Amino acid sequence: MPQDPTERRVVVTGPPRRARRAFGYYRPRTEIDEQTTLGHTYVRSLMRIQLRAGLTVFAVLILLIGPLPLVFAAAPDAGLEWAVLGFGLYAPLVLLARWYVRRAERNERDFVRLVEDR
């Protein structure tokens with residue numbers, strides 16, 4: 023005897039709607055959003071490494087620009103001053119700025135990779 027189509031059971035399979043987390047599993051992004059101690063540590067770590075990169079650039083700038091008044095005082099020719107500023111200082115400043123930007127982007131990329139669990 024055939025069953026009535028309205029009484030038939032339909033089984034639907036698919037991925038679970040909510041995956042249960044394993045015990046002890048955490049998500050760094052959630053920790054940061056909820057401003058927990060661990061999230062604060064993650065952000066503080068990023069800030070510390072960015073500060074270190076900035077202080078490194080600042081120290082190199084001081085070493086590069088600091089002695090310029092002595093060089094200008096010792097040089098009797100004004101053309102030498104322009105040569106030092108134009109050729110001796112411009113290229114290192116551009117390289118230093120390029121290094122800083124690449125370092126900051128790498129730090130942020132590493133942080134995002136850490137937070138997104140990849």
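Position in the sequence shown (from 1) plus 22 gives the number in my numbering.
Idealized CB from N, CA, C, for every residue including glycine.
Since the model is a prediction, treat every value here as computed from it, not as a measurement.
The three-state secondary structure of residue 98, taken from DSSP, is coil. The region 83 to 90 and the region 57 to 74 do not touch, with fewer than 3 CB-CB distances between them shorter than 8 Å. Across the structure, residue 58 and residue 131 are spaced so that their CA atoms are roughly 22 Å apart.
In the displayed model, residue 66 falls within a helix according to three-state DSSP.
Taking the Cβ atoms as the reference, residue 64 lies roughly 7 Å from residue 137, within the contact range of under 8 Å. DSSP places residue 32 outside both helix and strand once states are collapsed to three, so it counts as coil.
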